[in-house]
Amino acid sequence: MELKTLELQFLERGFAVVPGAISADELAACADAFDSLIAKAEDLGGRGLVRVRRSDRVGIEGRGWSWGCDHVFQPLLCDQRLLNLVGRPPFPELLELILGPRFRFCGGHGHWSPTNYDYYLHWHRDTRRERWWFGNTDPRCHVQLCLALREEGVVRLVPGSHLRDLVDSEAPLVTSHPHGAHPQEVTPVIPAGSALLLNTYTLHRAQCSRSTPRRALHFGFTRVGAATEPGRSGHPQPWLGNPAFFLAQSPFLRLAIQAQLSFEEANRGACTGAHLGHL
Ligand SMILES: O=C(O)CCC(=O)C(=O)O
């Protein structure tokens, strides 16, 4: 598909599916890396050393309770093979088309199916809860590149909702019925090796079954000069500047990392690590 078409889809609908960026061989070569990421994240998460995430609908703890982990490229978790995937064509070019020449790498997160229960995540925008009502007229502020290492149909989206405020009939979804059906929702199927590009202002929720293994990486990019990653105070990632880590990255990612480090330096004190959308 033409990159220009993907760009327009992203701007108008608040999401787009980028087909077939990663080959089956490359995916197979990363399967072990992802499984070991899950094991490490659960172990370190249980000890409070990394931020693992768990479902709305579960109160139990123990092995298999998580559905994801934030900042999986920090030194305790990083596997360069997984990070390399974001540099594959057409991702750098497409990001530049949408965000312009200067954007920062504001996070890389892992998402997977829990082993002990089904995953449910409420309707939201990736902003503070009190701002979920409000859209954003700037569709070029942020791209969440959600790469599926296995085929998935997990994220439910309301097309076009990124640009507008919610309407009254949608109020229950952000209050009393967080997993309710939306009449316009769509659930794109993302084949293995393809990616969902998400404007995180697009009203969305997620759900997957424990019986359909999910393996996904979400990379966040924000245009330099745009508001911070929507509604989040930002998580400082000083390790991005570690020379061994930095020099292992492709030129595209180095530029985005440099922009992020400059942003963190300029906003020191404002970056608290809070991930307020889910509190
Ligand atoms: O599981 C997903 O892909 C959605 C995650 C999400 O919406 C979030 O972390 O805010």
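For the sequence shown, the residue numbers in my numbering are 124 to 402. Think of the CB as a built atom: it goes at the ideal place given N, C-alpha and C, for glycine as much as any other residue.
Quick test of your reading: residue i and residue j, contact by CB under 8 Å. State the CB separation rounded to the nearest angstrom.
i, j, result
"Phe-138", "Thr-325", "6 Å"
"Val-140", "Pro-311", "5 Å"
"Phe-226", "Arg-346", "5 Å"
"Arg-333", "Ser-236", "6 Å"
What is the DSSP secondary structure of residue i, counted as helix, strand or coil?
i, result
"Asn-390", "coil"
"Ser-236", "coil"
"Leu-200", "coil"
"Leu-319", "strand"
"Ala-144", "coil"
"Ser-292", "helix"
"Val-312", "coil"
"Trp-190", "strand"
"Gln-267", "strand"
"Val-278", "strand"
"Ala-382", "helix"
"Trp-246", "strand"
"Arg-273", "coil"
"Phe-231", "The amino acid occupying residue 231 in the given sequence is Gly; Phe does not appear at that position. Strand, per DSSP."
"Ala-139", "strand"
"Phe-375", "helix"
"Phe-226", "strand"
Is residue i near ligand 1, going by C-beta to nearest heavy atom under 6 Å?
i, result
"His-234", "yes"
"Val-278", "yes"
"Asp-249", "yes"
"Ala-329", "yes"
Hey, quick one: how far does the alpha helix (DSSP H) through residue i stretch, first residue to last?
i, result
"Gln-132", "126–136"
"Ala-367", "366–370"
"Arg-222", "The question names Arg, but residue 222 in the sequence shown is Leu. First-last of the alpha helix (DSSP H) with Leu-222: 214–222."
Could you tell me which of the options sits nearest to residue i, measuring between CA atoms?
i, options, result
"Gln-360", "Ala-349, Gly-348 and Ala-379", "Ala-379"
"Glu-388", "Arg-279, Lys-163, Trp-255 and Gly-364", "Gly-364"
"Gln-267", "Val-297, Gly-230 and Thr-260", "Gly-230"
"Ser-159", "Pro-295, Arg-204 and Gln-132", "Arg-204"
"His-265", "Pro-237, Glu-219, Tyr-243 and Leu-289", "Glu-219"
"Leu-126", "Pro-212, Gly-258 and Glu-274", "Pro-212"
"Pro-374", "Cys-192, Asn-207 and Met-124", "Asn-207"
"Arg-136", "His-285, Leu-376, Ala-315 and Leu-319", "His-285"
"Ala-371", "Thr-298, Leu-150, Cys-201 and Ala-152", "Cys-201"
"Asp-288", "Thr-250, Glu-149 and Ala-144", "Thr-250"
Just curious, the beta strand (DSSP E) that residue i is in, first and last residue?
i, result
"Phe-344", "338–346"
"Arg-328", "327–331"
"Arg-177", "175–177"
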